[in-house]
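Engineer: Residue numbering for the sequence shown is 71 to 178, as defined by this note's numbering.
Just so you know, even glycine gets a beta-carbon here, dropped at the ideal spot from N, CA and C.
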Amino acid sequence: MQTLPSFDELKAMAENAPHELEALRNSMSEEIIEQSSQAMQPRLRAQMNHINHVIARGKNPNHINILLMAELQQQLKRFALALNDPQALTEHTAEVKAFTRPVYQAES
71 MQTLPSFDEL KAMAENAPHE LEALRNSMSE EIIEQSSQAM QPRLRAQMNH INHVIARGKN
131 PNHINILLMA ELQQQLKRFA LALNDPQALT EHTAEVKAFT RPVYQAES
């Protein structure tokens, strides 16, 4: 397993070689996923894909951090809900409404 470079090395990579830092993030993430159980790998890959989409939406590093923090907060709220009120996760609150055809009146 790869070892994470020191903070100073990571900072230098972020400033001077952001593509290398991104490659390191991807390779270390992939390595962790590969070491997980076969049952968890699809979920972890889906989570990684979602994180990559969030990162792609960011306009700059600060914006990316804000987006990732918001995503993490959303998941923590869902986790807290699962712990405190598991039934709430399976309740359906949608209301199904029937479509009606518009009635056209003939011209007089």
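What are the start and end residues of the alpha helix (DSSP H) that includes Lys147?
Structural biologist: 131 to 154
Engineer: Please state if the CB of Val124 and the CB of Glu100 are separated by a distance shorter than 8 Å.
Structural biologist: no
Engineer: To the nearest angstrom, how far is it from the Cα of Leu114 to the Cα of Arg95?
Structural biologist: 14 Å
Engineer: Quick test of your reading: Leu137 and Arg127, contact by CB under 8 Å. State the CB separation rounded to the nearest angstrom.
Structural biologist: Indeed, because the Cβ distance is near 6 Å, the residues count as touching under 8 Å.
Engineer: Taking just the CA atoms, how far does Gln144 sit from Met71?
Structural biologist: 30 Å
Engineer: Where do the N-terminal and C-terminal ends of the alpha helix (DSSP H) with Ala176 fall, by residue?
Structural biologist: Counting along the chain, no alpha helix (DSSP H) covers Ala176, and no H or E run does either.
Engineer: Hey, how far is the Cα of Ala152 from the Cα of Gln105?
Structural biologist: 27 Å
Engineer: Would you report the Cα separation of Met110 and Pro156, rounded to the nearest angstrom?
Structural biologist: 21 Å
Engineer: Can you tell me the Cα-Cα spacing of Lys129 and Lys81, whole angstroms?
Structural biologist: 19 Å
Engineer: Grouping DSSP H, G and I as helix and E and B as strand, with all else coil, what is Ala93?
Structural biologist: Of the three classes helix, strand and coil, the one that applies to Ala93 here is helix, per DSSP.
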